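J.:
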Amino acid sequence: MTDGTPISVTLGATTSGIDFDLLTGGTIQGTVTEEGSAAPLDSGWVRIFDAGGAYLTSGYPNSSGDYETSLGLATGTYYAATSSFEGYFEELYSEISCAESCTITDGTPITVTLGSTMTGVDFTLGGSIFIGDFESGDLSAWSRTVP
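The sequence shown begins at 234 in my numbering and counts up one residue at a time.
1. For residue 275, name the three-state secondary structure that DSSP assigns.
2. Residues in the same chain with beta-carbon distance under 7 angstroms from residue 290, minus the five sequence neighbours each way, listed in chain order, please.
3. Between residue 257 and the rest of its own chain, which residues show a CB-CB distance below 8 angstroms, the 5 nearest in sequence each way excluded?
4. Checking the sheet assignment: what are the DSSP bridge partners for residue 292?
5. Considering just the uninterrupted stretch of the beta strand (DSSP E) at residue 265, what are its terminal residues?
6. What do you get for residue 308, buried or exposed, if any count of 16 or more other CB atoms within 10 angstroms of its CB means buried?
7. Is residue 358 near residue 274, with beta carbons less than 9 angstroms apart?
8. Verify whether the separation of the beta carbon atoms of residue 336 and residue 259 is less than 9 angstroms.
9. State the start and end residues of the unbroken beta strand (DSSP E) segment that holds residue 356.
Okay, here's the thing in structure tokens:
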């Protein structure tokens, strides 16, 4: 970094008056619930990516399913996806299932402004549970969609 103002220091002396005005980053906030029952989900996390698809930060739902990102975000466009909610299909925001696979930038863009919170970035997760005779290899009759 060479764009800043040089600071002269003397060995063994305190250099005072070196202050920084930091800006508060923006955050993304929402709720993760189960499809059908609307029960809160707190077993995974919501990952946030920049406009190029690079991972930046996460938000971890509490027992009410509410999350907020932990890293302050600059003004810009972001994408969100659920991760590691065991037994549920992962999703991109807004309600785009990733049962097979997803490209993060296929999700709905989320606009964040420095110093503010973008609310309502919610997820409703469904999934599929398989029960029955795994040895036969025919699981189609034994699957059901979660609520």
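Note that CB positions come from ideal geometry on N, CA and C, so glycine has one too. Note that the structure is predicted; figures quoted are calculated from it, not measured.
T.: The answer reads as follows:
1. Correct three-state label for residue 275: coil.
2. For residue 290, where only same-chain residues beyond five positions count, the Cβ hits under 7 angstroms are 281, 302, 303 and 304.
3. Excluding positions up to five away in sequence, the list reads 305, 347 and 348.
4. Answer is 279.
5. Counting along the chain, the unbroken beta strand (DSSP E) around residue 265 starts and ends at 260-267.
6. Sixteen is the threshold: since fewer than 16 other Cβ atoms of the shown chains lie within 10 Å of the Cβ of residue 308, the residue is exposed.
7. Taking 9 angstroms as the Cβ cut-off, residue 358 and residue 274 qualify as a contacting pair.
8. Against a cut-off of 9 angstroms, the Cβ pair of residue 259 and residue 336 comes out as no contact.
9. According to the DSSP assignment, residue 356 belongs to the beta strand (DSSP E) that extends over 356-358.
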